[in-house]
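Novice:
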Amino acid sequence: MDQLESEIIRKITANRSNRGNSVIMKKLCDTVHASFTLNSVAYDKEALCLLAQSFLNSAEEYKKQFGRFVLEWFDANDFITLTTSGTTGKPKEIHLKKEAMVNSAFATAEFFNLEEGCKALHCLPTQYIAGKMMLVRAIVCGWQLDLVKPDAHPLDGNDAAYDFAAMVPLQVENSIAELYRVKKTIIGGAKLNPMLAGKLKTLPVSVYETYGMTETITHIAAKKVQEQAFSVLPGITIGTDERNCLVIEAPRVSDEKIVTNDVVEIVNSNQFKWLGRYDNVINSGGVKLFPEKIEEKLSGKIPYRFFVIGKPDARLGEKLLLVIEAEPYDIQTLVFDVLDKFEKPKEILFVPKFRETETGKIKRLETIQ
Numbered sequence: 001m002d003q004l005e006s007e008i009i010r011k012i013t014a015n016r017s018n019r020g021n022s023v024i025m026k027k028l029c030d031t032v033h034a035s036f037t038l039n040s041v042a043y044d045k046e047a048l049c050l051l052a053q054s055f056l057n058s059a060e061e062y063k064k065q066f067g068r069f070v071l072e073w074f075d076a077n078d079f080i081t082l083t084t085s086g087t088t089g090k091p092k093e094i095h096l097k098k099e100a101m102v103n104s105a106f107a108t109a110e111f112f113n114l115e116e117g118c119k120a121l122h123c124l125p126t127q128y129i130a131g132k133m134m135l136v137r138a139i140v141c142g143w144q145l146d147l148v149k150p151d152a153h154p155l156d157g158n159d160a161a162y163d164f165a166a167m168v169p170l171q172v173e174n175s176i177a178e179l180y181r182v183k184k185t186i187i188g189g190a191k192l193n194p195m196l197a198g199k200l201k202t203l204p205v206s207v208y209e210t211y212g213m214t215e216t217i218t219h220i221a222a223k224k225v226q227e228q229a230f231s232v233l234p235g236i237t238i239g240t241d242e243r244n245c246l247v248i249e250a251p252r253v254s255d256e257k258i259v260t261n262d263v264v265e266i267v268n269s270n271q272f273k274w275l276g277r278y279d280n281v282i283n284s285g286g287v288k289l290f291p292e293k294i295e296e297k298l299s300g301k302i303p304y305r306f307f308v309i310g311k312p313d314a315r316l317g318e319k320l321l322l323v324i325e326a327e328p329y330d331i332q333t334l335v336f337d338v339l340d341k342f343e344k345p346k347e348i349l350f351v352p353k354f355r356e357t358e359t360g361k362i363k364r365l366e367t368i369q
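Given below as structure tokens:
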């Protein structure tokens with residue numbers, strides 16, 4: 001790509017009004033922004049594909065994943081193929097339009113005010129949508145991207161400062177002492193537990209919890225850890241169905257409405273509060289209990305990982321079961337004083353290890369089974 005064409009593409013990416021133009025969008029899906037760098041080296045499309053090809057022979061799996069996705073991104077198809085996480089059901093294969101992924105990248109850049117030349121850390125597996133989107137954002141927005149091994153301590157390998165990073169809760173937990181080096185960090189992949197959120201609220205940088213899924217091409221909303229309500233990204237419309245579950249309209253990302261199983265409270269046209277998963281709601285003696293809210297109240301009271309879930313009961317329909325990842329021990333009843341009458345567990349189960357998806361989300365039913 002010559003210098004003139006690079007300048008044209010740079011201006012296109014800076015102009016939101018051009019993003020609905022299909023010809024321009026196709027060009028963006030097949031172009032590397034002139035300001036893009038990877039580990040401090042500038043790459044055009046040809047050079048990036050050559051690097052990706054060499055990564056396929058790497059002994060390190062994360063480089064192989066990165067290489068496969070780069071080659072898939074620049075192939076002749078107008079979509080990529082990936083698999084949903086399977087948190088609440090059987091994983092399924094879906095196709096995501098590359099044009100929609102570019103739109104998602106622009107929406108993220110706009111929402112978080114991340115401009116051309118932004119220094120970003122890529123520390124997530126590229127086989128999943130969050131890792132794929134970090135690369136897409138960098139390619140189309142012209143970011144300076146550092147690719148590191150997606151392990152539990154992503155900031156240990158260097159002392160660089162970053163404008164932006166995306167991490168899962170475990171990575172954030174292990175990076176708190178170094179997180180001051182990242183101006184804006186988004187957290188996804190699993191629910192942020194209240195204990196960790198409390199630690200993050202005191203940091204002198206911006207840390208966001210995100211809301212999204214594979215079908216929405218990663219996050220469609222975010223909130224600072226100090227806030228209660230999620231704010232949606234540009235181009236997103238929200239509502240609820242008869243279950244009070246979130247319904248998402250994102251025409252630049254999905255051709256269809258996305259009906260979720262997340263019970264929410266709509267604050268206004270751009271904000272919502274997440275209450276819990278509809279699948280997890282416990283009906284105990286006619287009282288609806290939200291496990292996630294009970295878990296939030298118990299945060300810091302139990303020194304191990306835990307969750308609550310409904311268990312069939314002849315008298316109540318469902319009774320509240322507290323599941324703790326630990327060897328059995330005596331729990332003081334004072335622990336439950338923070339709970340309302342109906343929120344107190346009727347039974348406690350200890351298990352040695354929770355069942356999880358590959359992205360670290362707890363499989364509640366499989367764990368107790």
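By UniProt numbering, the letter at position 138 of the sequence shown is numbered 138, and the numbering carries on one by one without gaps.
Beta carbons: idealized from backbone N, C-alpha and C, even for Gly.
#1: Can you name the start and end residues of the alpha helix (DSSP H) that Glu-292 belongs to?
#2: In or out: Val-182 buried (at least 16 other Cβ within 10 Å) or exposed?
#3: Please specify which runs of the beta strand (DSSP E), each continuous and at least 3 residues long, are wholly inside the segment 220 to 302, giving them in chain order.
#4: Short of 6 Å in beta carbon distance, which residues of its chain neighbour Tyr-208, apart from the five on each side in sequence? Order them along the chain.
#5: In the structure shown, what three-state DSSP assignment does Gln-171 receive?
#6: Can you tell me whether Glu-99 is buried or exposed? The criterion is at least 16 other CB atoms within 10 Å of its CB, across all chains shown.
#7: What three-state label does DSSP hand Pro-312 in the structure shown?
#8: For Val-232, which residues of its own chain have a beta-carbon under 7 Å away from its beta-carbon, when the five flanking residues on both sides are left out?
#9: Using CA atoms only, rank isn't needed, just tell me which of Leu-334, Tyr-43, Ala-120, Gly-198 is closest to Lys-184.
#10: Under the three-state reduction of DSSP, which class applies to Thr-87: helix, strand or coil?
#11: Under three-state DSSP, which class holds Phe-74?
#12: On a CA-only basis, which of Pro-234, Cys-245, Gly-198, Phe-55 is nearest Glu-227? Give me that one, please.
#13: Would you report the Cα separation of Lys-353 and His-33, rounded to the nearest angstrom?
#14: Consult DSSP for Asp-337 and reduce its assignment to one of helix, strand or coil.
#15: Going by Cα to Cα distance, which pick from Ile-24, Asn-193, Ala-138 is closest to Ala-166?
#16: Looking only at C-alpha atoms, which of Leu-320, Gly-317, Leu-145 sits nearest to Ala-161?
#17: Using alpha carbons as the reference points, say which of Ile-368, Leu-71, Asn-158, Leu-124 lies closest to Leu-321.
#18: Identify, in the order they occur along the chain, each residue of the same chain with its Cβ nearer than 6 Å to the Cβ of Val-172, setting aside the five sequence neighbours on each side.
#19: Under three-state DSSP, which class holds Ile-331?
#20: For the segment 310 to 321 and the segment 284 to 294, state whether three or more C-beta atom pairs, one from each stretch, are separated by less than 8 Å.
#21: Among Glu-366, Pro-125, Cys-141, Asp-151, which has the Cα closest to the Cα of Gly-117?
#22: Just list the alpha helix (DSSP H) runs in the segment 24 to 59, keeping only unbroken ones of 4 residues or longer that don't cross its boundaries, in chain order.
#23: Are the beta-carbon atoms of Val-264 and Asn-244 separated by less than 9 Å?
#24: Please name the residue or residues paired with Ala-165 in a DSSP beta bridge.
#25: Return the chain-ordered list of same chain residues with a C-beta closer than 8 Å to the C-beta of Tyr-43, the five sequence neighbours on each side being excluded.
#26: For Asp-337, does the count of other Cβ atoms within 10 angstroms reach 16, so buried, or fall short, so exposed?
#27: Return the Cβ separation of Leu-170 and Gly-360 in integer angstroms, given the expectation that the two are a contact with Cβ distance under 8 Å.
#28: So what's Leu-322 in DSSP terms, helix, strand or just coil?
#29: Would you kindly report the start and end of the unbroken alpha helix (DSSP H) that includes Leu-114?
#30: Taking Cβ to Cβ, would you say Gln-53 is nearer than 9 Å to Leu-82?
#31: Would you mind reading off the limits of the beta strand (DSSP E) that contains Glu-215?
#32: Please name the residue, chosen from Pro-194, Asn-39, Tyr-211, that lies closest to Lys-63 on a Cα-to-Cα basis.
#33: Looking only at its chain, what residues have a beta carbon closer than 7 Å to the beta carbon of Leu-147, apart from the 5 residues adjacent to it on each side?
#34: Do you know offhand how far Ala-314's Cα is from Glu-347's?
#35: Do Glu-343 and Lys-301 have their C-beta atoms within less than 9 Å of each other?
Specialist: Here's the rundown:
#1: 291 to 298
#2: buried
#3: 230 to 232, 237 to 240, 245 to 249, 258 to 268, 271 to 277, 282 to 284, 287 to 289
#4: Ile-186, Ala-222, Lys-224
#5: helix
#6: So Glu-99 counts as buried.
#7: If DSSP states are grouped into helix, strand and coil, Pro-312 belongs with the strands.
#8: Around Val-232: Ile-220, Ala-221, Ile-238, Asn-270.
#9: Ala-120
#10: In this prediction, Thr-87 scores a pLDDT of 48, lower than 50, which makes its location untrustworthy; no coordinate-derived value is stated.
#11: Of the three classes helix, strand and coil, the one that applies to Phe-74 here is coil, per DSSP.
#12: Closest in C-alpha terms to Glu-227, from the list Pro-234, Cys-245, Gly-198, Phe-55, comes Gly-198.
#13: 45 Å
#14: helix
#15: Ala-138
#16: Leu-145
#17: Ile-368
#18: Ile-187
#19: coil
#20: yes
#21: Cys-141
#22: 45 to 55
#23: yes
#24: Leu-121, Thr-185
#25: Val-32, Phe-36, Thr-37, Leu-51
#26: exposed
#27: Contact holds; Cβ gap of about 6 Å.
#28: strand
#29: Neither: Leu-114 is in no alpha helix (DSSP H) and is coded neither H nor E.
#30: With contacts defined as CB atoms closer than 9 Å, Gln-53 and Leu-82 fail to qualify as a contacting pair.
#31: It is not in any beta strand (DSSP E) - Glu-215 carries neither H nor E in the DSSP assignment.
#32: It is Asn-39 whose Cα lies nearest to the Cα of Lys-63.
#33: These residues qualify, in order along the chain: Leu-38, Asn-39, Phe-66, His-122.
#34: 14 Å
#35: no
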